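Protein chains in written order, with UniProt numbering: chain A, 1 to 214; chain B, 1 to 214.
Protein chains: 2
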Amino acid sequence: MSRAPAEPIAARISRELADRIVAGQIAAGSRLRQDHVAVEFGTSHVPVREAFRRLEAQGLVESEPRRGVRVCGVSLDEMREIAEMRAALEVLALRHAAPHLTQSILDEAEEATRAGDRAGDVQAWEEANRRFHRLILSPCAMPRLLRSIDDLQTASARFLFAGWRAEWETPTDRDHRAILAALREGDLAAATAVLARHVQWIGQGPKRRPPLVR
Amino acid sequence: MSRAPAEPIAARISRELADRIVAGQIAAGSRLRQDHVAVEFGTSHVPVREAFRRLEAQGLVESEPRRGVRVCGVSLDEMREIAEMRAALEVLALRHAAPHLTQSILDEAEEATRAGDRAGDVQAWEEANRRFHRLILSPCAMPRLLRSIDDLQTASARFLFAGWRAEWETPTDRDHRAILAALREGDLAAATAVLARHVQWIGQGPKRRPPLVR
DNA sequence: TCCATCCAGATTATAGATAGTTTTCTTGTC
DNA sequence: GACAAGAAAACTATCTATAATCTGGATGGA
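This is how it looks when you write it as structure tokens:
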């Protein structure tokens, strides 16, 4: 069949650039010039501009009217802000998702936690961590809320990759298991409390070295 | 003087379309066709497409890859979702803003409440209401949070204008004054509790008539 | 005979490329 | 340090291609 992808080029560019920004391959504060990006992707700058708007909405770049776009910074303040927003919104989502959680979803979440334990690098751990959160939150059936949470998780991942690569994993698996245990017992209050603390833990920043603002 | 605005056309189009959608001049569910909009504004379709991306980020329209964009619906579920998100985020913002609130800010907020009392139509009331919230929240100095809240308030206004035009105003001024009183006394817990209830009250929907989904 | 389904052509709309204009930044000169 | 000329980049318009939708009509079945 070899059906043409039918995915607009703008979407592809925005995905690719988002990945690079999150991975830290594009430095914070650096300018993105539409012609250069266009040349690199072998397209014109028109879809590039649309991709920029998308990244702007995700909070990965900021744009000034006639002066181009630049990658957002990764300061400690921004990190805390995002962590607190995540905590507030994920608690809300979990509160609505809890009544619709099934045994099989909880089992899948358990498996995601184990995958996080087995993860050898940050990327794999982050993916497992995000899968865990998505699993227990998406049954809330609130699409706008889930989209916001997803954008915030992307931004969180950016901090994770940018700053410190050592101290992931250890306490999170405990938190994940505590959340699952509370959910299995129907103790929603305990589950949301642990979730809030767990998310904000990420926002506490590095214990030893500063967050490598490039 | 008379400096050319230097505001990109895309920004102007997105503002104008957002106003119309919020005001209910463009029906929920109707399609927006880029070259029609372009003809109306006397431009090409390129800035129109960028405006669409902006509206999509604000949650006013939804876009399918090669099938165009259409105005989001205004169901009761979406309304509740937005109200709950607002409650969660505005409480967070107030918690961080409270330490930085000054006497003059509270006085201005009081004045905004009075302006809401005096408002003769929904538009004026909505503007005063939004000014009140912005005043007491913006000292939190969390730009990303404030942007999210602003988008949610825009969506709220849409429901307000779309569905029912009778029952605004009455209880809200009481809530606003209760929030201000609690803030003046330094009772942050009471202030956030009233704020959360107050915001979710909007999400309760019309008491008598259904929300006029067009 | 009437109705539903499906297909081909025409029409419409989205998406992207190319080219030109305007604004901003840079560099060289006084 | 200020200013002007040049370069670079953002922004928009026009044109083109590709995908989706709509129309009419044919076919098959009850």
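No residue lacks a Cβ here, since even glycine has one placed at the ideal position from N, Cα and C. Since the structure is predicted, the reported quantities are computational estimates derived from the model, not experimental observations.
*Among residues of its own chain, excluding the 5 on either side of L55 of chain B, which ones have a beta-carbon nearer than 7 Å to its beta-carbon?*
S14, L17, A18 and V61
*Taking 7 Å as the cut-off, does the CB of E78 of chain A come closer than this to any heavy atom belonging to the ligand COA?*
As presented, the structure is devoid of all ligands, the ligand COA included, so that no description of it is given.
*Taking DSSP as the reference, what is the three-state secondary structure of G24 of chain A?*
coil
*Closer than 8 Å at the beta carbon, the chain B residues around I82 of chain A*: R144
*Which residues does DSSP pair with E64 of chain A in a beta bridge?*
A:G68
*What is the DSSP secondary structure of R33 of chain B, counted as helix, strand or coil?*
coil
*asked:* At the level of alpha carbons, what is the spacing between R158 of chain A and I136 of chain B?
replied: 31 Å
*If you draw a straight line from the C-alpha of M85 of chain A to the C-alpha of Q25 of chain A, how long is it?*
25 Å
_Secondary structure of R158 of chain A, DSSP reduced to three states_ = helix
_Backbone CA spacing between S44 of chain B and Q34 of chain B [nearest angstrom]_ = 9 Å
*asked:* With a threshold of 8 Å between beta carbons, is M85 of chain B in contact with chain A?
replied: yes
*Return the CA-CA distance between L92 of chain B and A88 of chain A, expressed in angstroms with no decimal places.*
7 Å
*Name the chain A residues whose beta carbon is nearer than 9 Å to that of P65 of chain B?*
A6, E7, P8 and A11
*C-alpha distance - L32 of chain B paired with E50 of chain B, whole-angstrom precision*: 13 Å
_Measuring CB atoms only, is the region 121-140 of chain A touching the region 122-142 of chain B, in the sense that at least three cross pairs come out at less than 8 Å?_
no
*Neighbour flag for residue 216 of chain A against chain B, beta carbons, 8 Å*: An answer regarding residue 216 of chain A cannot be provided, because it is not within the stretch 1 to 214 covered by chain A.
*asked:* Counting C-beta neighbours from all protein chains within 10 Å, is the total for H176 of chain A 16 or more, i.e. buried, or is it exposed?
replied: buried
*Chain-ordered chain B contacts of G59 of chain A [CB-CB under 7 Å]*: R144
*Find the residues of chain B that neighbour L188 of chain A, judging by a C-beta separation of less than 8 Å, and give them in chain order.*
Residues of chain B passing the Cβ test: none, with the nearest at roughly 15 Å.
*How about L180 of chain B and E81 of chain B: are their beta carbons less than 8 Å apart?*
no
_Extract the residue ranges of the alpha helix (DSSP H) inside the region 53-120 of chain B, only unbroken runs of 4 or more that lie entirely within it._
76-97 and 103-118
_Alpha carbon of S138 of chain A to alpha carbon of D173 of chain B, nearest angstrom_ = 36 Å
*Taking A11 of chain B as the reference, which of A:R66, A:M79, A:G42 and A:L146 has the closest Cα?*
A:R66
*Would you mind telling me which residues of chain B sit closer than 8 Å to S148 of chain A, beta carbon to beta carbon, in chain order?*
M85 and S148
*For V199 of chain B, which residues in chain A fall below 9 Å Cβ to Cβ?*
Simply none; closest approach about 12 Å.
*Under a three-way DSSP split, which group does A6 of chain A fall into?*
coil
*Rounded straight-line distance, which links the Cα of A115 of chain B to that of R131 of chain A*: 48 Å
*Just the chain A side, please: which residues come within less than 8 Å of R134 of chain B by C-beta, in chain order?*
The contacting residues do not exist; R134 of chain B stays about 17 Å from chain A at best.
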